[in-house]
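Trainee: Questions regarding the structure given below will be posed in turn.
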Amino acid sequence: MKRILVACGNGIATSTVVATKVREYLASKGIKADTTQTKLMEVPSKVQDYDLLITTGQFEGQTGDVPVVKGMPILTGIGVEQTMEEIATKLGE
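In this text, residue positions in the sequence shown follow my numbering: the first is 18, and each later residue adds one.
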């Protein structure tokens, strides 16, 4: 099971939308994933326990070896398929 941290400004609204869409997409590809939502400012203290970080806001912090995907296309619908493919690729699927 892959672990994905989804971060937005307050850890509630946009991260919920993105997390839901990512889980649905990955499930359709047969990839099991668990998502957790958080605030962008909490990312540095949490990210090391995850396989991937998806952000919907500006994030310049350190993530160690954890890959980062910008999730704004999932909200806007512009470039969503490429973003979802990038997520699957970075998860090693």
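Ideal Cβ positions, reconstructed from N, Cα and C, are used throughout, including at glycine. Since we're looking at a predicted model, the values are computed, not measured.
Taking G74 as the reference, give the member of D82, T93, R40 with the closest Cα.
Mentor: When each option's Cα is compared against that of G74, the closest is T93.
Trainee: Assign D68 to one of three DSSP states: helix, strand, or coil.
Mentor: In the three-state reduction of the DSSP assignment, D68 falls in the coil class.
Trainee: Since T100 and V85 are thought to touch, with beta carbons under 8 Å apart, how far apart are those beta carbons, to the nearest angstrom?
Mentor: Their Cβ separation, rounded to whole angstroms, is 12 Å, which puts T100 and V85 out of contact at 8 Å.
Trainee: Whole-angstrom Cβ separation of A105 and I48, contact assumed at under 8 Å?
Mentor: 6 Å
Trainee: Can you tell me where the alpha helix (DSSP H) holding V35 begins and where it ends?
Mentor: 30-45
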